[in-house]
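In what follows, a single structure is set out as structure tokens and then discussed.
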Amino acid sequence: MNPSLNISFSLTEHLGIARNNQVCRFSVPFAQGQVNSIEYIGIQNQAGQFVTCSKQVLASWPDNSIKWLSLEFFATIAAAQSEQWTVVVTDSFAEQDAVLQPELENTAPVLHSVRLKLKDYPLVEMPIEWHNSTTTQISALFDASLVLPTDQRIKLNLSKKSYQQTGDTLYSATLLNARAATHAGGLWDLGDSASIEIEYCELVFLKDEKQLSVIELADEKVLNYGQNIARVVQVASGGENWQSPVHLDKDLQVPLKQNGALVYDADGQWENLATARLNPSVKCADTFIIQPQQFWQNFPKGVALTENKIVVELLPKCDYLHELQAGEQTTLQVSCYNQQNKTDFVSQALTIQVDLTHVQNSQVWPYFCQAQELSPIENIIQRGVNGESNFFAKREVVDEYGWRNFGDLYADHETDGYQGDDIFVSHYNNQYDPIYGFLRQWTLTQDSRWLELAQDLAKHVKDIDIYHTDLDKAEYNHGLFWHTDHYLPAKTATHRTYSKHHEQGAYMDHAGGGGPGGQHCYTTGLMYHYFLTGDETSKQTVLNLAKWVGHVYDGEGGLLEAVLAVKNAGQAGFTNLVTGQYPLDRGVGNFVIALLDAYQLTNDKSYLNKASSVLHKTIHPTEDLTLRDLSNVEYAWFYTVLLQAACRYLAIKEQASELDDEFYYVRDALLHYAQWMEQNEYPYLHKPEILEYPNQTWTAQDMRKANVLACAAYYAPDSDMANKFWHKALYFYQYVADTLVNDPTTHYTRILVLLAQNHGVVEYFTHNKPEDKFAAIQSYAQPNWHNTSAKLIRVVKLFATRLVKISVSREVNWLAKRSAKVAKILGKEAKQESK
Numbered sequence: 004m005n006p007s008l009n010i011s012f013s014l015t016e017h018l019g020i021a022r023n024n025q026v027c028r029f030s031v032p033f034a035q036g037q038v039n040s041i042e043y044i045g046i047q048n049q050a051g052q053f054v055t056c057s058k059q060v061l062a063s064w065p066d067n068s069i070k071w072l073s074l075e076f077f078a079t080i081a082a083a084q085s086e087q088w089t090v091v092v093t094d095s096f097a098e099q100d101a102v103l104q105p106e107l108e109n110t111a112p113v114l115h116s117v118r119l120k121l122k123d124y125p126l127v128e129m130p131i132e133w134h135n136s137t138t139t140q141i142s143a144l145f146d147a148s149l150v151l152p153t154d155q156r157i158k159l160n161l162s163k164k165s166y167q168q169t170g171d172t173l174y175s176a177t178l179l180n181a182r183a184a185t186h187a188g189g190l191w192d193l194g195d196s197a198s199i200e201i202e203y204c205e206l207v208f209l210k211d212e213k214q215l216s217v218i219e220l221a222d223e224k225v226l227n228y229g230q231n232i233a234r235v236v237q238v239a240s241g242g243e244n245w246q247s248p249v250h251l252d253k254d255l256q257v258p259l260k261q262n263g264a265l266v267y268d269a270d271g272q273w274e275n276l277a278t279a280r281l282n283p284s285v286k287c288a289d290t291f292i293i294q295p296q297q298f299w300q301n302f303p304k305g306v307a308l309t310e311n312k313i314v315v316e317l318l319p320k321c322d323y324l325h326e327l328q329a330g331e332q333t334t335l336q337v338s339c340y341n342q343q344n345k346t347d348f349v350s351q352a353l354t355i356q357v358d359l360t361h362v363q364n365s366q367v368w369p370y371f372c373q374a375q376e377l378s379p380i381e382n383i384i385q386r387g388v389n390g391e392s393n394f395f396a397k398r399e400v401v402d403e404y405g406w407r408n409f410g411d412l413y414a415d416h417e418t419d420g421y422q423g424d425d426i427f428v429s430h431y432n433n434q435y436d437p438i439y440g441f442l443r444q445w446t447l448t449q450d451s452r453w454l455e456l457a458q459d460l461a462k463h464v465k466d467i468d469i470y471h472t473d474l475d476k477a478e479y480n481h482g483l484f485w486h487t488d489h490y491l492p493a494k495t496a497t498h499r500t501y502s503k504h505h506e507q508g509a510y511m512d513h514a515g516g517g518g519p520g521g522q523h524c525y526t527t528g529l530m531y532h533y534f535l536t537g538d539e540t541s542k543q544t545v546l547n548l549a550k551w552v553g554h555v556y557d558g559e560g561g562l563l564e565a566v567l568a569v570k571n572a573g574q575a576g577f578t579n580l581v582t583g584q585y586p587l588d589r590g591v592g593n594f595v596i597a598l599l600d601a602y603q604l605t606n607d608k609s610y611l612n613k614a615s616s617v618l619h620k621t622i623h624p625t626e627d628l629t630l631r632d633l634s635n636v637e638y639a640w641f642y643t644v645l646l647q648a649a650c651r652y653l654a655i656k657e658q659a660s661e662l663d664d665e666f667y668y669v670r671d672a673l674l675h676y677a678q679w680m681e682q683n684e685y686p687y688l689h690k691p692e693i694l695e696y697p698n699q700t701w702t703a704q705d706m707r708k709a710n711v712l713a714c715a716a717y718y719a720p721d722s723d724m725a726n727k728f729w730h731k732a733l734y735f736y737q738y739v740a741d742t743l744v745n746d747p748t749t750h751y752t753r754i755l756v757l758l759a760q761n762h763g764v765v766e767y768f769t770h771n772k773p774e775d776k777f778a779a780i781q782s783y784a785q786p787n788w789h790n791t792s793a794k795l796i797r798v799v800k801l802f803a804t805r806l807v808k809i810s811v812s813r814e815v816n817w818l819a820k821r822s823a824k825v826a827k828i829l830g831k832e833a834k835q836e837s838k
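For any residue, its number in the numbering used here is found by taking its place in the sequence shown, counting from 1, and adding 3.
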């Protein structure tokens, strides 16, 4: 056998426990054109034997070759050992050559039913009927979706993945309130009339009555507590700040009365383990173990036993009600694994690391290169896991735990200058895409702590920060909520941005109101989360966000909507349908990035074409930049975000060898702006007097200038222009490094995230110089954006197009969602019709 491609990866057992047929999965990237079919891809263990594996293509290149491939297999490895395995691509490999794992008798408990009790509603208990959705070589996927019999629009989505050889199964349960929030006055507080109050929600597993079951408390502090346990409930985090205002309810009260966990015996007697942080498992005789994932972190959670049932309490019975906000969901994963391994294949998985040189050569990460030693910027980024105020330590400061909070980042930069002695709570809600920064750092450093942060945040964003409804305005549905309002504590807004308890005028141009906003749309981290983990919900979230942000800037195509858009023409943040321009801001930059991410996930060319169209209608190679007022920093700084999106577009077009007119239009517009930057830009803090809050966040934002100029240097058609851009890029890069390296505020979340998001561009182009392959700047007619006759023609065409496609029901629906009076009238009519 002569392999045509070998990709090494390490398999490491780090717990000191031998593994036998341990479920493993990982993703491997390939360079464009390298592999065209999964048929002859296999995995060899250290002994050179092929093992059975499942293969799924997660993404393809424009030429349809494989870009990202997910691989699942079973591994047997001794305790505390590391082995070198290989992904082999060869034209002589056949599946029948692989070593098959023996199938075991599956006596695992089965998730049989769900019990849900809502306030003022009778108990609902529904059996689960599993539907086989996909079958693969070593596993089978099943799903079920329960629309519960109430008028509350509450849904429970269930899935399970069963591994045939071992019987291991991973269950996932997501409880969703699919209603639209009332958000009166644009405020998004707990206690909204569309929230649903839940007494408890339980997942019921049936087991053989003859199988003795015990709950084991997987925490070294209480491991020897005893096994005569009938129920365990984690009621609070067990941390020092367990009564932090992060846990405020709708009445501005912290409902938690006890810390840690409550343990009940078979007679109902209980004891409070006040500092316990439990991850209990249920052991079923000598066969299977049921393990709820991240039990204490996502409190309150519970596990209980009866004679023939194991009950996993998604939301347990407490002395308070659980409020599930409109558009909000909560997810719990439960693994059921064979006891022969004594380890959970989810939370105690083997560590897998793909050869970093292969990852770099595959070119699936933008501006990705290995470094012989850490640069000053990279050293600062590493404080996110190594520093005294690292991201894990920040969780303890505000007790960022509980099912609504865990995984989010503490926005500690908002405390700068705060004088109070109490805990100041501010939620970050994925601003500037830390998921992307974390996953990039994990790939570069292979430090699993970065992956842990990314996984926790991705789950939080998908459950809490995304507005899961189809019933609100199109520019809200399935959108991403903003972070907590600047310089204000979260109060009862939790992860919903603006609160009725917030003071007004907290900063320049502060205004109440909020909701999902296009300037807070971040998709790239979720895209890579899908590539690296195969999590389909991350992929779907990106596609939903791309659709949502399109509605924010393009609308739905209605006539009344067009009237309002013409009225708002020229206002900041709105697409100007009179001039035909999108606003030059970070929101449109995010729009372009979302389209590019959707394109990379699907290879649907319409996304790429739309990204090109948006850029063409935002920037121009010969426009008069004095009209942009780029020196007005507080209002115009985010033009660099838009230019970074343009750079990403150029890189994707270049990879596809599409150096066409669309490519050069955007390239030339980038160079036009870069020439202005080279002559006029300076570090923001050199003029602190024009900034409302001059702090080191502005220095971290200066990295964007370095990156734009470095990209412009690469795409420049001649060496003189390239050298000017490159020297200015290095100036900004060095300035950021020198300024932040010893600054005491670099541990702040926003600074670390900005550096992680913008890391790598200058480093990459230091080793990847341009090859004079780009054509000279082309000639263009002046844009007619502000020409009076052109504006008139646009308006006439706009209304003519909307009139031709007018839909009365769409117009009424659009108006109803923006007028409380109309909505009320329509609601009464609908109720009368139903009678």
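Heads up, the beta-carbon is just placed ideally off N, CA and C, and yes, glycines get one too.
Find the nearest neighbour of A614 within the set A221, S660, Q59 and F666, judged by alpha-carbon distance. Of the candidates A221, S660, Q59 and F666, the one whose C-alpha sits nearest the C-alpha of A614 is F666.
Exposure of D459, with buried meaning 16 or more beta-carbon neighbours within 10 Å: Buried.
With DSSP as the reference, identify every bridge partner of E128, one or two as the case may be. Its beta-bridge partners are R118.
Along the beta strand (DSSP E) that carries P32, what are the first and last residues, could you check? Membership of P32 in the beta strand (DSSP E) is indicated by the continuous run R22 to P32.
Quick one: measure Cβ to Cβ for S240 and Q296, integer angstroms, because I've assumed they're closer than 8 Å. Not a contact, Cβ separation roughly 16 Å.
Those runs of the alpha helix (DSSP H) which lie wholly inside the region 583 to 660 and span at least 4 residues: You should have 589 to 605, 608 to 619, 636 to 639 and 642 to 658.
Are there three or more Cβ pairs, one per stretch, closer than 8 Å when the region 603 to 620 is compared with the region 498 to 507? Touching, no.
Check the DSSP bridge columns for S812 and list the partner residues they point to. In the DSSP assignment, no residue is bridged to S812.
Indicate whether T749 and Q785 have their beta-carbon atoms separated by less than 8 Å. Taking C-beta atoms as the reference points, T749 and Q785 fail to come closer than 8 Å.
Could you check what DSSP says for E326 in three-state terms: helix, strand or coil? In the three-state reduction of the DSSP assignment, E326 falls in the strand class, which pools E and B.
Residue burial classification, W368 (beta-carbon count within 10 angstroms, cutoff 16): Under this definition W368 is a buried residue.
Is it true that the region 596 to 615 meets the region 543 to 550, where meeting means three or more beta-carbon pairs spaced less than 8 Å apart? The region 596 to 615 vs the region 543 to 550: in contact.
Across the region 190 to 210 and the region 368 to 387, are there enough close Cβ pairs to call them in contact, namely three or more that are closer than 8 Å? With the cut-off at 8 Å, the region 190 to 210 and the region 368 to 387 do not touch.
Checking 8 Å against the spacing of the C-beta atoms, do A639 and V595 come in under that value? No, the pair does not count as a contact, with Cβ atoms beyond the cut-off.
For V711 and A677, which I take to be in contact (beta-carbon distance under 8 Å), what is that distance rounded to the nearest angstrom? With a Cβ gap of about 7 Å, V711 and A677 count as contacting.
Within 8 Å, strictly: CB atoms of I10 and V357: Contact flag set, yes.
Contact between the region 301 to 320 and the region 273 to 290: three or more CB pairs below 8 Å? Segments in contact, yes.
I383 and L688 - do their beta-carbons sit closer together than 8 Å? No, these two residues do not count as a Cβ contact at 8 Å.
Taking only three categories from DSSP, how would you classify C841? The first residue shown for the chain is 4 and the last is 838, placing residue 841 beyond what the model contains.
Contact set for A808: own chain, Cβ-Cβ below 7 Å, skip 5 residues either direction: Rather than Ala, the amino acid found at residue 808 in this sequence is Lys. Excluding residues up to 5 positions away in sequence, G560 lie with their Cβ nearer than 7 Å to the Cβ of K808 in the same chain.
Within the same chain, show all residues whose beta-carbon is closer than 6 Å to that of S338, passing over the 5 residues directly before and after it, in chain order. For S338, where only same-chain residues beyond five positions count, the Cβ hits under 6 Å are L173, Q294, D347 and V349.
8 Å contact criterion, which V401 and N262 should meet: CB distance rounded: Cβ atoms of V401 and N262 stay farther apart than 8 Å, at about 15 Å.
So, with DSSP's three-state summary, where would you put T526? T526: coil per DSSP, three-state reduction.
Where does L758 fall in DSSP's three states? Under the three-state reduction of DSSP output, L758 falls in the helix class.
With burial defined as no fewer than 16 other Cβ atoms inside 10 Å of the residue's Cβ, what is the status of G517: buried or exposed? Its Cβ being crowded by 16 or more others within 10 Å, G517 is buried.
Can you list, in chain order, the residues of its chain whose CB lies under 6 Å from that of N227, leaving out five sequence neighbours each side? Below a pLDDT of 50, predicted positions are generally treated as unreliable, and N227, at 46, falls in that range; the measurement from the model is reported next regardless. If the five residues before and after N227 are omitted, its C-beta is found closer than 6 Å to no C-beta atom of its own chain.
With W88 as the anchor, note down where its beta strand (DSSP E) starts and where it stops. Residues S85 to V92.
For the candidate residues P586, F427, A396 and K158, whose alpha-carbon lies nearest to that of A147? Closest in alpha carbon position to A147, among P586, F427, A396 and K158, is K158.
Using the Cα positions of D632 and Y738, report the straight-line distance between them to the nearest angstrom. One C-alpha to the other measures close to 24 Å.
Going by DSSP in three states, V238 sits in which element: helix, strand or coil? V238: coil per DSSP, three-state reduction.
Going by the CB atoms, is the gap between F33 and K70 shorter than 8 Å? Result yes, Cβ atoms of K70 and F33 sit closer than 8 Å.
Endpoints, alpha helix (DSSP H) assigned at K494: In the DSSP assignment, K494 falls outside any alpha helix (DSSP H) and carries neither an H nor an E.
Secondary structure of P686, DSSP reduced to three states: Of the three classes helix, strand and coil, the one that applies to P686 here is coil, per DSSP.
Cβ of K656 versus every heavy atom of the ligand MN: is any distance shorter than 7 Å? The ligand MN is not among the ligands present in this structure, which contains no ligands whatsoever.
Going straight from the alpha carbon of C204 to that of S116, what length do you get? Those two C-alpha atoms are separated by around 11 Å.
Please state the DSSP three-state secondary structure of V581. The three-state reading of DSSP puts V581 in coil, since its state is none of H, G, I, E or B.
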